[in-house]
Every structure is written in structure tokens, then in C-alpha cells.
Amino acid sequence: MESALYPIQNKYRFNTLMNGSWQFETDPDSIGLKEGWNKELPDPEAMPVPGTFAKLTTKRERKYYTGDFWYQKDFFVPSFLQGRDIFIRFGSVTHRAKVFINGHEVGQHEGGFLPFQVKISDYIQFDQSNRLTILVNNELSEKTIPCGTETVLSNGQKLAQPYFDFFNYSGIMRNVWLLALPQIQITNFKLDYQLSNNTATINYQIESNDNDTEFKITLLDHEEALISTTSKDTGRLTVKNPHLWQPSDPYLYKIKIEMLQNAKIVDEYIDQIGIRTIKVVNDKILLNNQPIYLKGFGKHEDFNILGKVTNESIIKRDYECMKWIGANCFRSSHYPYAEEWYQYADKYGFLIIDEVPAVGLNRSVTNFLNVTNSNQSHFFAAKTVPQLKQVHQQEIKEMIDRDQRHPSVIAWSLFNEPESTTPESYDYFQDIFTYAKKLDPQKRPYTGTLVMGSGPKADRLHSLCDIVCLNRYYGWYVAGGPEIVNAKRMLMDELNGWQDLKLNKPFVFTKFGADTLASLHQLPDEMWSQEYQNEYYQMYFDIFKKYPFIQGELVWNFADFKTSEGIMRVGGNAKGVFTREREPKDIAFVLRKRWR
Ligand code: BDP
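Position 37 (the sequence shown) corresponds to 37 in full-length UniProt numbering; numbering is contiguous.
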């Protein structure tokens with residue numbers, strides 16, 4: 001039984017982290033299953049979980065290893081947990097996993113950036129050692145997201161070729177828990193808010209694995225004082241004079257859900273929630289009915305040695321840097337981040353545009369370098385599209401199920417820079433949006449980011465989006481350096497074109513940036529220097545003031561990050577406002593002045 005609830009501990013729910021040193025082995029010929037590796041790995045090595053082998057090795061073949069690989073871990077379940085449902089919960093396994101307990105397959109999961117849990121109760125032995133084995137695969141194709149292809153090198157090694165601009169880090173990069181839950185359990189709950197006359201109404205909907213239960217729902221304020229209580233699995237709570245959640249005052253209430261059977265409590269789940277509304281009205285984004293201008297970043301989960309591994313010290317440092325600079329928002333480009341990111345955002349008062357890993361839906365191994373033309377590769381006419389769509393929808397559902405209660409999440413991004421100028425692309429995304437729009441009880445805005453070239457004339461996807469998000473590189477990939485005067489003209493021409501369409505929708509710049517070496521200073525400035533990064537951003541900001549429908553600026557990127565190797569990247573993508581070590585480049589001080 002799946003559940004999107006983050007693990008918590010109380011009288012009814014027990015969990016323990018399984019992180020640490022695991023066994024690991026690559027399986028380049030995919031012989032493991034036939035040879036019984038699900039029972040015993042023949043020649044394993046120690047590997048940290050969470051961790052990513054690509055960043056821990058000194059060998060190129062290992063760094064770029066593409067294919068099947070295995071993890072194994074022996075664990076113990078004490079008999080005092082008998083009678084409960086026992087699960088293993090993975091924060092994520094990138095990109096797909098098959099899970100075995102004591103040799104038996106107990107579950108599988110597609111998608112490398114969302115959690116899943118598998119029930120193992122029927123396969124474990126209490127008070128004895130048990131063995132967890134996971135067969136992982138990190139290959140890229142056009143049938144799953146993110147998209148890519150693969151090549152075979154002359155030595156027979158497979159090599160993933162991402163259609164996207166970040167390193168294809170893989171493995172078990174987030175926490176793994178052992179959960180012991182009551183057999184009758186709460187599996188999720190959904191909330192949505194209405195504000196009127198100084199009263200907030202919280203509509204809730206509880207999901208559980210048993211119909212024959214009753215509920216008690218209690219809302220407490222931050223100091224644990226009782227605000228409101230009710231029963232039933234679906235209903236409403238009212239809060240007079242609500243203390244609303246907002247970036248400058250991220251006030252959190254506590255909601256407690258108790259599930260009862262025969263008047264006896266059988267399960268309890270507590271969460272912190274923020275009361276706020278978010279909607280788009282005309283060309284404004286309204287938070288608690290007040291317009292809000294988004295200031296911040298497109299980010300990555302990325303750090304030296306760790307790759308995309310969840311590490312709360314990095315999360316904390318990133319939020320401290322974002323607070324220092326005066327940002328209020330980031331986009332989880334290009335995949336849903338680890339759940340801990342959202343918990344911090346709720347507490348720090350950050351707004352998140354939450355993005356599904358639909359990146360690289362454009363047939364080009366260097367799609368991020370092809371930004372200037374609207375290459376019509378007819379990606380969405382391929383035979384594999386129905387399969388892709390199913391995976392895409394499944395991941396949207398898992399993302400919304402997981403993140404819908406976070407007050408920090410203000411919008412869902414369903415794509416990043418796909419092919420967007422063909423009739424097939426419209427048909428594909430019309431289905432994606434129709435599907436997604438049924439899922440969020442809060443009906444937050446839905447969006448996606450449009451690649452350069454998908455302008456007011458050519459683009460076919462903006463009509464689907466509640467917020468139009470533009471990724472633009474005038475002054476970098478096009479008309480850079482001495483041509484920046486032309487870049488300015490081009491940007492204005494494009495914005496005039498959008499203005500003429502009178503869409504009456506908010507626009508957010510979700511990407512604009514210039515690669516910048518922290519070591520390079522030049523006068524007059526040249527591309528790659530810190531001075532050029534300043535000039536580039538100033539050019540955009542001067543223009544933004546002229547177009548009132550621009551309601552946000554999320555610069556690309558928060559920090560320098562690792563990509564595939566290539567002639568366009570020196571050690572990775574250098575568009576960070578901060579270095580990969582999270583120290584400010586000059587532009588950070590310019591943005592700080594602007595945003596504060
Ligand atoms: C954007 C891509 C992003 C790249 C960026 C860049 O969506 O993934 O990292 O270009 O080139 O268009 O910096």
C-alpha cells in the first residue's frame with residue numbers, strides 16, 4: 001500500500017533510518033537477476049547510502065557508469081514490531097528500482113526523484129537478519145523522464161546522453177527508512193483553504209486503507225492551544241482571525257488526525273500547516289489575495305562530492321544564502337527535490353514552484369545549446385509518446401500527492417523547455433494539464449517553462465499555463481558580449497509580441513543568466529566575467545520595469561552546478577549567483593540590493 005506521508009514517530013508509528021554503509025555492485029551485462037544477485041551479490045564493495053557512486057570514484061568508467069547496479073543491506077526487525085505493517089521507504093531511487101526482501105521481489109518504482117514505499121511484512125523474519133536488495137537502473141530514454149538517449153562506446157560501455165544540462169547522478173541519493181505502521185492507517189490527507197470575513201475555512205479530506213473507521217481532527221496553534229476540532233474523513237475546520245502564512249511571517253499551525261476503530265485510537269498523524277491562499281487573477285499572482293512578485297532562483301540539488309545527495313547542512317546553507325540575498329522564491333528545477341527542502345521552505349517562508357522531472361522532451365542531446373532555434377524534431381510524434389505520457393502523469397500525481405500540503409508550494413510546473421511549437425506538442429500537453437488539474441485540491445496555478453524560440457508567434461503551450469514562464473538568454477546564447485545592445489532590442493521585441501497577445505496572465509522569467517567565472521574580472525567587461533554578469537542582469541531589470549505583466553524573476557542559477565562534459569562547459573554550468581561552494585559572486589550583491 002502506497003502512502004505519500006513523510007515518516008513521523010509517535011505511539012502508533014515507528015521508523016528508523018537505514019542510511020549508512022551498504023553493499024554495491026555494478027551489473028553491466030544485466031546478468032544479476034539470472035544469477036541470483038537478489039539473494040547475494042558476488043563481489044560487492046561498500047557504498048554510502050545516501051550517496052552517488054559517480055562522485056566518489058576516481059575512475060572515469062565508474063563516474064559515467066550506465067546500466068544496472070545493485071545495492072544490498074542486511075537489517076533486523078525486532079519482534080516487538082510484530083502485528084504492524086512493515087515498509088521500506090525510499091526518499092528516491094534514481095531512476096528506477098526493483099526491490100527484493102530475502103530474495104523475493106516486493107515492489108518496483110519508476111522515476112528517480114520521488115519517494116515510494118514497499119510493504120515487506122509478509123517477507124521478513126522477526127528477530128533475525130533480513131536482506132534488502134535493490135536493482136537500480138539509470139538509463140535514459142524517450143519513454144521516461146527526464147529524457148535522453150544512450151550510446152555504446154567502442155569498449156562496450158554504455159554511456160547515457162542526457163537531453164538535459166545537469167549531471168545524470170544516480171543511485172540512492174535520499175534517505176531510506178524502515179517503517180512500522182498500524183495495519184489500519186492514514187495514508188494521506190489533503191487540505192484547501194478559503195478566506196472570507198476574517199475567517200479561514202480549511203476543507204480537508206483524509207485518505208486511509210480502511211473504510212470502517214472514525215476520525216478526530218484537531219487544529220492547534222503554534223503554542224499548541226486548541227483552535228478547532230471536528231470528526232469525519234471529509235469536512236471543514238474554521239479558524240476565526242487566522243494567522244496567515246506568508247514569506248515575511250511563515251506562521252504554522254499544527255493539525256492532528258486521529259483514526260479510531262471501536263472508539264479506540266489506532267493511528268495518529270501530526271503535520272504543520274500554513275493557512276494561505278494562492279491564485280492567479282488577471283496578470284497578478286495573489287498570495288492571501290495580495291499581489292506577490294517572485295524574486296529568486298532556478299536551483300539544482302547539487303554539491304561537490306555529494307552530487308544530488310540530500311544533506312541538511314547544504315539545505316540550510318542554501319536557505320541562509322537565499323534569505324541573505326532577499327529572495328522569496330525558487331523553482332525546483334528540474335525535478336521534485338527531497339522532502340526536507342519543502343519542510344524548510346514552510347518554516348523559512350519561501351515560495352516554491354514545484355517541478356516534475358519533465359526535462360529534455362526535445363530530441364537533441366544538446367537541447368540546452370539549441371535554444372536559439374525552434375527545432376521541430378517532432379518529438380511528440382514518436383511511437384514512444386503514449387508510454388512517456390503515462391510516466392509523466394504518474395510522476396505528476398506522485399509529486400502533488402507528496403507536496404500538496406506545503407504552504408510553500410505555490411504552483412506546479414509540468415515541463416521544462418519541451419518542444420512546444422508543433423501541433424503534437426499541444427495535444428500532448430493538453431492531456432497532461434487536463435490530468436494534472438484534477439489532482440490538487442487547492443487548485444494552485446499550473447505552469448511550465450518555455451524554451452527560447454517558443455515566442456509569442458511560435459509557441460503553442462502558453463494557453464495551457466496559468467502563469468507563463470519564460471527561459472530566455474538574449475545576451476548569452478544569442479547576441480552576447482559586444483552585441484548586447486541587440487540582445488536588448490530582441491528581448492523587447494519579444495515582450496512587445498507577448499504584450500500584443502493581451503493574454504491577461506502573469507509572466508515570470510524562470511531562467512535568464514550568463515556563465516560567469518568567479519575568478520574573472522574585466523574592463524570593459526567581456527562574456528564570462530563578473531562584470532558581464534552584472535551588465536547582463538541590469539539589462540533585463542531595466543526592461544522588466546516596462547512590462548507590468550512580468551510578475552517574477554527567477555535567475556539562473558542559484559549556484560554553479562555539474563553538467564555533462566562538453567566544449568560549452570568548463571567544469572560545469574557557471575551561471576551561479578553563488579559558486580558551487582555557496583560563496584557570492586559580485587552579482588549576489590547587486591541582487592541583494594535590488595531584492596531587499
Ligand atoms: C536552459 C536549460 C537548463 C540549462 C540552461 C543553461 O533548461 O537546463 O542549464 O539552459 O544553458 O535553457 O544554462
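Note that beta-carbon positions come from the ideal geometry of N, C-alpha and C, so glycine has one too.
Just curious, the beta strand (DSSP E) that residue i is in, first and last residue?
{"i": "I217", "result": "214-220"}
{"i": "Q542", "result": "For the sequence presented, residue 542 should be read as Asp rather than Gln. It is not in any beta strand (DSSP E) - D542 instead sits in the alpha helix (DSSP H) that spans 530-544."}
{"i": "P48", "result": "45-49"}
{"i": "R331", "result": "329-331"}
{"i": "W324", "result": "Where W324 is concerned, there is no enclosing beta strand (DSSP E), although the alpha helix (DSSP H) it sits in stretches over 312-325."}
{"i": "E553", "result": "550-556"}
{"i": "I410", "result": "409-416"}
{"i": "I353", "result": "351-355"}
{"i": "V478", "result": "Unbroken run through V478: none, as it is neither H nor E."}
{"i": "A97", "result": "96-101"}
{"i": "R236", "result": "234-240"}
{"i": "R89", "result": "85-90"}
{"i": "E110", "result": "104-110"}
{"i": "I227", "result": "226-231"}
{"i": "V577", "result": "Note, V577: premise wrong, no beta strand (DSSP E); not H, not E."}
{"i": "F14", "result": "14-17"}
Excluding the five sequence neighbours on either side, which residues of its own chain have a C-beta within less than 8 Å of the C-beta of residue i, listed in chain order?
{"i": "M490", "result": "Y474, V478, A479"}
{"i": "G298", "result": "F330, R331, S333, T510, K511, L554, V555, W556, N557, F558"}
{"i": "L56", "result": "M47, P48, I305"}
{"i": "T563", "result": "D165, F166, F167, R569, G572, N573"}
{"i": "L220", "result": "L226, I227, Y253, K254, I255, K256"}
{"i": "E340", "result": "T310, E312, I315"}
{"i": "F541", "result": "E553, R594"}
{"i": "I184", "result": "S208, N209, D210, T213, M259, Q261, V266, D267"}
{"i": "K284", "result": "P291, P506, Q551"}
{"i": "V590", "result": "N534, Y537, Q538"}
{"i": "M399", "result": "L114, P336, D354, V356, W412"}
Sorted by chain position, which residues of the same chain lie with C-beta nearer than 7 Å to residue i's C-beta, five sequence neighbours on each side aside?
{"i": "E395", "result": "G111, L114, I145, V356, P357"}
{"i": "residue 602", "result": "Only positions 1 to 596 of the chain appear in the structure, and residue 602 is not among them; the question remains open."}
{"i": "S374", "result": "With a pLDDT of 44 at S374, under the threshold of 50, the modelled position of that residue is not reliable, and no figure is offered here."}
{"i": "A574", "result": "D515, T516, L517, D560"}
{"i": "Q522", "result": "S529, E531"}
How far does the alpha helix (DSSP H) with residue i in it reach, from first residue to last?
{"i": "L132", "result": "Where L132 is concerned, there is no enclosing alpha helix (DSSP H), although the beta strand (DSSP E) it sits in stretches over 129-137."}
{"i": "A514", "result": "Counting along the chain, A514 falls outside any alpha helix (DSSP H), and DSSP gives it neither H nor E."}
{"i": "T434", "result": "423-437"}
{"i": "I484", "result": "484-501"}
{"i": "Y342", "result": "339-348"}
{"i": "Q161", "result": "Segment 158-162 is the beta strand (DSSP E) holding Q161; no alpha helix (DSSP H) there."}
{"i": "A180", "result": "Where A180 is concerned, there is no enclosing alpha helix (DSSP H), although the beta strand (DSSP E) it sits in stretches over 176-181."}
{"i": "E150", "result": "Not the alpha helix (DSSP H): E150 falls in the beta strand (DSSP E), residues 148-152."}
{"i": "K295", "result": "Counting along the chain, K295 falls outside any alpha helix (DSSP H), though it belongs to the beta strand (DSSP E) covering 294-298."}
Whole-angstrom Cβ separation of residue i and residue j, contact assumed at under 8 Å?
{"i": "P506", "j": "I467", "result": "5 Å"}
{"i": "E45", "j": "F24", "result": "6 Å"}
{"i": "T421", "j": "R363", "result": "With a Cβ gap of about 13 Å, T421 and R363 do not count as contacting."}
{"i": "R89", "j": "Q72", "result": "That belief does not hold up - the Cβ atoms of R89 and Q72 are roughly 18 Å apart, past 8 Å."}
{"i": "Q404", "j": "Q442", "result": "7 Å"}
{"i": "P162", "j": "G171", "result": "Not confirmed; about 16 Å, so no contact."}
{"i": "N203", "j": "D192", "result": "5 Å"}
Report all residues from its chain with a CB closer than 6 Å to the CB of residue i; omit the five preceding and five following residues, and keep chain order.
{"i": "Y536", "result": "G475, A514"}
{"i": "E268", "result": "N10, Y12, E258"}
{"i": "I314", "result": "F303"}
{"i": "T201", "result": "Q194, R236, T238"}
{"i": "H329", "result": "A quick correction: the sequence has Cys, not His, at residue 329. Within the same chain, C329 has close Cβ partners L294, G296, L351."}
{"i": "T579", "result": "A518, D560"}
{"i": "L81", "result": "A180"}
{"i": "L244", "result": "I275, R276, N288"}
{"i": "V136", "result": "F69, V93, A97"}
{"i": "N198", "result": "N241"}
{"i": "R131", "result": "D74, N102"}
{"i": "M322", "result": "none"}
{"i": "F368", "result": "Unreliable positioning characterises F368 in this predicted model, as indicated by a pLDDT of 47, which lies under 50. The coordinate reading is nonetheless provided below. Contacts found: D165."}
{"i": "E583", "result": "none"}
{"i": "R596", "result": "G326"}
Name the one or two DSSP bridge partners that residue i has.
{"i": "D68", "result": "D27, N137"}
{"i": "residue 606", "result": "For residue 606 there is no data in the structure shown, the boundaries of the chain being 1 and 596."}
{"i": "E258", "result": "K216, E268"}
{"i": "S208", "result": "I186"}
{"i": "W245", "result": "P250"}
{"i": "L195", "result": "A200"}
{"i": "N155", "result": "According to DSSP, N155 bridges with nothing at all."}
{"i": "Q290", "result": "L287"}
{"i": "Q117", "result": "R89"}
When the cut-off is 7 Å and only beta carbons count, does residue i lie next to chain D?
{"i": "S141", "result": "Absent here is chain D; the protein component of the structure consists of one chain."}
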